[in-house]
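Participant: To start, I am sharing the structure in question, which I have written as structure tokens.
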Ligand code: DQA
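Numbering (my numbering), first residue to last: 32 to 170.
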């Protein structure tokens with residue numbers, strides 16, 4: 032299987048950003064560990080702070096990947112455009128969050144993208160991504 036891990040805004044700062052919430056490991060470090068867990072799959076990674084680039088990436092991989100593990104970060108709570116991009120493609124998308132967004136501020140309780148995704152995984156730290164990949168593999 033070929034799977035894209037797609038990260039949204041501010042997730043390039045993982046490891047230094049709000050460590051009490053997001054931990055002290057960079058995503059690059061974690062991604063190396065994640066790839067080792069799935070030696071028979073191709074995992075690709077893309078991060079952008081720009082909404083349109085995230086949408087372009089979703090369009091780009093719709094024919095070349097088998098699924099997307101998406102942490103849209105703050106765009107989760109605001110982006111109808113990302114929701115529409117997910118709805119526009121045929122490959123499955125799993126929504127993931129590092130933190131348990133439901134234990135946090137009320138504006139994080141609403142996801143505009145969940146309804147377009149196969150399912151949602153939140154609150155398991157970086158392990159949320161592994162769970163997302165495993166969920167995709169079982170579809
Ligand atoms: C996040 C949760 C979002 O509310 C926040 O804006 C993020 C990260 C998470 O992974 O916990 O940037 O998606």
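Just so it is clear, CB atoms sit at the ideal spot from N, CA and C, and this is done for glycine as well.
Can you give me the C-alpha to C-alpha distance between residue 143 and residue 64, rounded to a whole angstrom?
Facilitator: Residue 143 and residue 64: Cα-Cα distance of roughly 30 Å.
Participant: Would you say the segment 68-87 touches the segment 158-169, given that touching needs at least three Cβ pairs under 8 Å?
Facilitator: yes
Participant: Need the endpoints of the alpha helix (DSSP H) that residue 33 sits in, please.
Facilitator: Where residue 33 is concerned, there is no enclosing alpha helix (DSSP H), although the beta strand (DSSP E) it sits in stretches over 33-38.
Participant: Would you grab the beta carbon distance between residue 57 and residue 45 for me? Rounded to a whole angstrom, and I think it's under 8 Å.
Facilitator: About 6 Å separates the two Cβ atoms, so the contact holds.
Participant: Hey, how far is the Cα of residue 101 from the Cα of residue 62?
Facilitator: 14 Å
Participant: Report yes if the CB atom of residue 116 is closer than 7 Å to the CB atom of residue 86, and no otherwise.
Facilitator: Yes, the pair counts as a contact, with Cβ atoms nearer than the cut-off.
Participant: Whole-angstrom Cβ separation of residue 103 and residue 110, contact assumed at under 8 Å?
Facilitator: 7 Å
Participant: Would you list the residues sitting across from residue 98 in a DSSP beta bridge?
Facilitator: 34
Participant: When you measure from the CB of residue 129 to every non-hydrogen atom of the ligand DQA, does any distance come out below 6 Å?
Facilitator: yes
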